[in-house]
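Going by my numbering, 48 is the number at position 33 of the sequence shown; the sequence numbering is gapless.
Backbone N, C-alpha and C define an ideal beta-carbon position, used for all residues, glycine too.
These notes are about the structure you will find just below.
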Amino acid sequence: MSERITGPSFFIGRGGDGADGLISFGSGQPDLAPPDGVFEAMWNFRGFKYGLVQGDELLHDALAQDYPHADAEQFVISNGASEAIDLVLRALYEPGAQVALQRPYYYSYPHNVTLAGIELAYYDLVDGKIDLDEFEHAVHTCRAVVINSPSNPTSTVQEVDTLKNIEEICDRRGIWVISYEVYKDLIYVRENYLIQGTRVVTINSFSKTFAMCGYRVGYLWARDRDLVSRIVDMKSRTAMNTSSVGQAMALAGLGVRAAHIVATVPVWKERRDLIYAGMQKLGLEVWKPEGAFYILPKIKDPTRAMHDLYHHYKLIAYDGTWFGAPDRLRFSFALDAAKIEEGLKRLGKFLANEYCSY
Ligand SMILES: Cc1ncc(COP(=O)(O)O)c(C=O)c1O
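Here it is as structure tokens:
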């Protein structure tokens, strides 16, 4: 009897090293090496005590240099972007509060919102893009919205005009914007547009740009002093400081960010082109990824397809249902070209052998 897969935790940390014959299009976990300085920082690190709850001050300073009009004390270093959103949502809680999510969404967002005691509202993306009428209709009763551009799982990038309109709508209505920009350094179509405003909280991570997922370093940048102090107080009673060695590595990475992006984005773009062409050749309906490293083909019964692909074709892809996309499968292309080609072959066999009988 094949094991039933009920959520992403079944796959996270599994496959990808080739030893088990699995091809993993599962986790969004970059396989490219971090910059050399990151390794040096790891080898040389000698701090074993608790660190500052808000994060290493040198890292705050470096981040403040990286963003326009930012102050070092507005940053909180977190255990990945994952802890950052959890802290922000819990700090924004108030009775009856609602938070709006774009759909498809990153699979954790609805859980983050409900675990914070907040109610959910959704608006649907149209071909991966935000429709401003739908957006305004959904958000007008909300305390906050989460914007994720480039998006996981759609890999679409919102238009700059759309983001500026969102700034204006939210500012006018007094809505907080949680701008989740973990893929801001991985955009194929334009520069990132940083959403700005006094009620904006920017969340980012060192997991993706610097391929440091396991070290768990991310951050939030809140322009509101009171929100920062509520978050730091909460963090002092929960996870406490973020990994000190991870922060030292992050600081080293940040110092060479521009060069690292120039070196790595072409690799991601090549993989994007390869998987996009391959899926089109297989006759699958997909959006061309504009950023990040996901592709979301339309497929009948993705839950069953995910099980069959894993158990019979040794291929990991995620059920679109987890992302609010019940007619799609999500593939992460954070793996090398040879593996992408082998994975496409397996997917082709699956489509030819079994899919027709669904
Ligand atoms: C949208 C989104 N949020 C959060 C994460 C996890 O990030 P972190 O490792 O910084 O917690 C991912 C990773 O796939 C992601 O795509």
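For this session: Using 6 Å as the cut-off, classify the Cβ of Asn167 as near or not near the heavy atoms of ligand 1, replying yes or no.
Result: Yes, the Cβ of Asn167 comes within 6 Å of a heavy atom of ligand 1.
Exercise. With 16 other CB atoms within 10 Å as the buried threshold, where does Thr253 fall?
Worked result: By the neighbour-count rule (16 or more Cβ atoms within 10 Å), Thr253 is not buried but exposed.
Exercise. Any heavy atom of ligand 1 closer than 6 Å to the Cβ of Gly52?
Worked result: At a cut-off of 6 Å, the beta-carbon of Gly52 does not count as near ligand 1: no heavy atom of the ligand is closer than that.
For this session: May I ask whether a heavy atom of ligand 1 can be found less than 6 Å away from the beta carbon of Gly270?
Result: No, ligand 1 has no heavy atom inside 6 Å of this Cβ.
For this session: Look at the alpha carbon of Leu3 and the alpha carbon of Leu242, and state the distance between them as a whole number of angstroms.
Result: In this structure the chain extends from 16 to 373, so residue 3 is not present and cannot be described.
Problem set entry | Option nearest Pro281 by Cα separation, candidates Asp342, Leu330, Ser222, Asp351 | The option with the nearest alpha carbon to Pro281 is Asp351.
For this session: May I ask whether a heavy atom of ligand 1 can be found less than 6 Å away from the beta carbon of Ala8?
Result: Given a span of 16 to 373 for the chain in the structure shown, any question on residue 8 remains unanswerable.
For this session: Please state whether DSSP places Phe338 in a helix, a strand or coil.
Result: Helix.
For this session: Output yes or no for whether 7 Å exceeds the beta carbon distance between Gly339 and Pro119.
Result: For the pair Gly339 and Pro119, the CB atoms are nearer than the 7 Å cut-off.
Exercise. Can you give the Cα-Cα distance for Gly62 and Phe221, rounded to whole angstroms?
Worked result: Their Cα atoms are separated by approximately 20 Å.
Exercise. Taking 6 Å as the cut-off, does the CB of Val114 come closer than this to any heavy atom belonging to ligand 1?
Worked result: Between ligand 1 and the CB of Val114, the shortest heavy atom gap is not smaller than 6 Å.
Exercise. What residue range is occupied by the uninterrupted alpha helix (DSSP H) comprising Leu130?
Worked result: Leu130: member of the alpha helix (DSSP H) spanning 124-130, first to last residue.
Problem set entry | Chain-order list of residues whose beta-carbon lies under 8 Å from that of Ile190 (same chain, five-residue window excluded) | Val154, Cys157, Arg158, Ala159, Val160, Ile184, Arg214.
Problem set entry | Span of the beta strand (DSSP E), counted from its first residue to its last, around Asp323 | Premise fails: Asp323 lies in the alpha helix (DSSP H), 317-328, not in any beta strand (DSSP E).
For this session: Express the C-alpha separation of Asn127 and Ile100 in angstroms, rounding to a whole number.
Result: Distance between the alpha carbons of Ile100 and Asn127 is about 7 Å.
Exercise. How would you call Lys354, buried or exposed, if buried means at least 16 neighbouring beta carbons within 10 angstroms?
Worked result: It is buried - the Cβ of Lys354 has at least 16 other Cβ atoms within 10 Å.
Exercise. Relative to ligand 1, is the shortest distance from any of its heavy atoms to the C-beta of Tyr121 smaller than 6 Å?
Worked result: Under cutoff, so the answer is yes.
For this session: Would you kindly check if the distance between the Cβ of Gln113 and the Cβ of Ala87 is under 7 Å?
Result: Contact: no.
For this session: Kindly indicate the opening and closing residues of the beta strand (DSSP E) around Asn207.
Result: Looking at the DSSP string, Asn207 is not in any beta strand (DSSP E), and its letter there is neither H nor E.
Exercise. What residues in its chain sit with their C-beta under 7 Å from that of Leu67, if we drop five residues either side in the sequence?
Worked result: Within the same chain, Leu67 has close Cβ partners Asn256.
Problem set entry | CA-to-CA distance, His327 to Phe26, given in whole angstroms | Taking the straight line from one Cα to the other gives about 16 Å.
Exercise. Residues bridged to Glu134 by DSSP?
Worked result: Paired residues: Gln113.
For this session: Please indicate yes or no: does the CB of Ser220 lie closer than 6 Å to some heavy atom of ligand 1?
Result: Yes, ligand 1 has a heavy atom inside 6 Å of this Cβ.
For this session: Give the DSSP-derived three-state secondary structure of Thr279 in the structure shown.
Result: DSSP places Thr279 in helix when its eight states are reduced to three.
Exercise. Looking at the structure shown, is Trp382 part of a helix, part of a strand, or coil, going by DSSP?
Worked result: Missing from the structure shown is residue 382; the chain here goes from 16 to 373 and no further.
Problem set entry | Cβ pair count under 8 Å reaching 3, the segment 45-60 against the segment 285-304 | Contact between the segment 45-60 and the segment 285-304 is absent, because fewer than three Cβ pairs lie under 8 Å.
For this session: Could you tell me the distance, in whole angstroms, from the CA atom of Leu299 to the CA atom of Gly143?
Result: So the two alpha carbons sit approximately 16 Å from each other.
Exercise. Which residues does DSSP pair with Thr217 in a beta bridge?
Worked result: Under DSSP, Thr217 takes part in a beta bridge, and its partners are Ser194, Trp236.
Exercise. In or out: His275 buried (at least 16 other Cβ within 10 Å) or exposed?
Worked result: Buried is the call here.
For this session: With a floor of 3 residues, list each beta strand (DSSP E) that falls wholly inside the segment 49-118, ordered by position along the chain.
Result: Qualifying beta strand (DSSP E) stretches, in chain order: 90-93, 113-118.
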